[in-house]
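Novice: For reference, the structure I am asking about is given below.
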Amino acid sequence: HIDGFFQQYFDFPAACCRPVDSSVRPEHLAFAEPLACALHAVNRARVAAGDRVLVTGCGPMGLLTIIAAAAKGADVTCVDLRQEAIDAGLRIGAKTGKRIGAFAAADIDQAFDAAIEASGAVPAFNQALEAVKKGGTVSILSNLQPGASGIDIHRIMLKELMVVGSFQFHREFDEALAVIAQGTFDFDALIARQFGLSQTRDAFALALSGTAVGKVQIVGARAPCP
10 HIDGFFQQYF
20 DFPAACCRPV
30 DSSVRPEHLA
40 FAEPLACALH
50 AVNRARVAAG
60 DRVLVTGCGP
70 MGLLTIIAAA
80 AKGADVTCVD
90 LRQEAIDAGL
100 RIGAKTGKRI
110 GAFAAADIDQ
120 AFDAAIEASG
130 AVPAFNQALE
140 AVKKGGTVSI
150 LSNLQPGASG
160 IDIHRIMLKE
170 LMVVGSFQFH
180 REFDEALAVI
190 AQGTFDFDAL
200 IARQFGLSQT
210 RDAFALALSG
220 TAVGKVQIVG
230 ARAPCP
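In the working numbering, the protein residues as written are 10 to 235.
Printed below as a string of structure tokens:
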């Protein structure tokens, strides 16, 4: 990690840089790092083309996970408490969207091959454990609170589930750049609002409010580098 991003110009070590076609918009490239984390979670779950995948939570990371799974050719269902967040998930790649806890018995019978937990909420995690097929995989991308109670450990045992953690990424950064550059997914739909550098406090206030659907971005003036 390199500190000091809230400024117009900064130097990077060459090892941290990747070439990208100039036609790719900078505000889309800003999603490369979090998308790489989402791709790592999807790869940890061994998602393949044709798999049915559940994504719990449609915050910024959940939305990027929908893109990551859809980029693998998966059939994605997203769940959240907020209808506007579910709608965002449907716009960017999910085939189906439901409110958490709204699964019918028929949905469970059609069990998912894998689930990615991106909400940080125990009820959503338990929903993932319930919805995944026997022997399926649940990949934890979110920050569940340490010592969180109410997790259905018994279901993990009965269904012989694989529960894996996912932290940051490894080789997925280049994969993320490729997904962004191909232009298949609407990354504009992930941008809740953009602020200039002089509006940084306002940007953080909106992000912390929890009302934004998608990513709050801080952008500098688009001027040529000196």
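Beta carbons are placed, not taken as given, at the ideal position from N, Cα and C, and that holds for glycine.
Going by DSSP, which residues form a beta bridge with A203?
Specialist: What you label residue 203 is simply residue 194 of the sequence shown in a count that begins at 1. One point to set straight first is that residue 203 is Gln, not Ala, in the sequence displayed. Beta-bridge pairing links Q203 to Q226.
Novice: Nearest CA to the CA of C87: which residue from K81, A80, G71?
Specialist: Here residue 87 refers to the residue found at position 78 of the sequence shown. The shortest C-alpha separation from C87 is found at G71.
Novice: Counting along the chain, where does the beta strand (DSSP E) carrying R61 start and finish?
Specialist: Taking the sequence shown and counting its residues from 1, one reaches residue 61 at position 52. Note, R61: beta strand (DSSP E), 61-65.
Novice: Which residue or residues does DSSP assign as beta-bridge partners of G110?
Specialist: Here residue 110 is taken as the residue at index 101 of the sequence shown, counted from 1. Bridge partners of G110: none, in fact.
Novice: Would you kindly work out how many angstroms separate the C-alpha atoms of Q226 and D89, rounded to a whole number?
Specialist: Looking up residue 226 in the sequence shown gives position 217. Looking up residue 89 in the sequence shown gives position 80. If you take the alpha carbons of Q226 and D89, they lie about 22 angstroms apart.
Novice: With distances taken between CB atoms, is the gap from I125 to L38 smaller than 9 angstroms?
Specialist: As a position in the sequence shown, residue 125 is number 116, starting the count at 1. As a position in the sequence shown, residue 38 is number 29, starting the count at 1. For I125 and L38, no; Cβs fall outside 9 angstroms.
Novice: V3 and P35: beta carbons closer than 9 angstroms?
Specialist: Coverage of the chain is limited to positions 10 through 235, which leaves residue 3 absent and any answer about it impossible.
Novice: Tell me the rounded alpha-carbon separation between L206 and F15.
Specialist: What you label residue 206 is simply residue 197 of the sequence shown in a count that begins at 1. What you label residue 15 is simply residue 6 of the sequence shown in a count that begins at 1. Roughly 7 angstroms between the two C-alpha positions.
Novice: Answer with yes or no whether the minimum CB distance from S151 to chain D is below 9 angstroms.
Specialist: Absent from the structure is chain D; it holds one protein chain and no more.
Novice: Which partner residues of C87 appear in the DSSP bridge assignment?
Specialist: The residue you call residue 87 lines up with position 78 of the sequence shown. C87 is bridged to V64, G106.
Novice: Using a Cβ-Cβ cut-off of 8 angstroms (strictly less than) and excluding sequence neighbours within five positions of E169, which residues of its own chain qualify?
Specialist: The residue given as residue 169 occupies position 160 in the sequence shown. Cβ within range, chain order: K143, G144.
Novice: Do the segment 40-50 and the segment 164-180 touch if we need at least three Cβ pairs shorter than 8 angstroms?
Specialist: yes
Novice: Would you report the Cα separation of Y18 and A79, rounded to the nearest angstrom?
Specialist: The count along the sequence shown starts at 1 and reaches residue 18 at position 9. The count along the sequence shown starts at 1 and reaches residue 79 at position 70. For Y18 and A79, the gap between their C-alpha atoms comes out near 34 angstroms.
Novice: Kindly indicate the opening and closing residues of the beta strand (DSSP E) around F121.
Specialist: Mapped onto the sequence shown, residue 121 falls at position 112. That run of the beta strand (DSSP E) goes 121-126.
Novice: Cutting at 6 angstroms between CB atoms, please list the residues of its own chain near M171, excluding the five before and the five after it.
Specialist: Counting from 1 along the sequence shown, the entry for residue 171 is found at position 162. Contacts found: T146.
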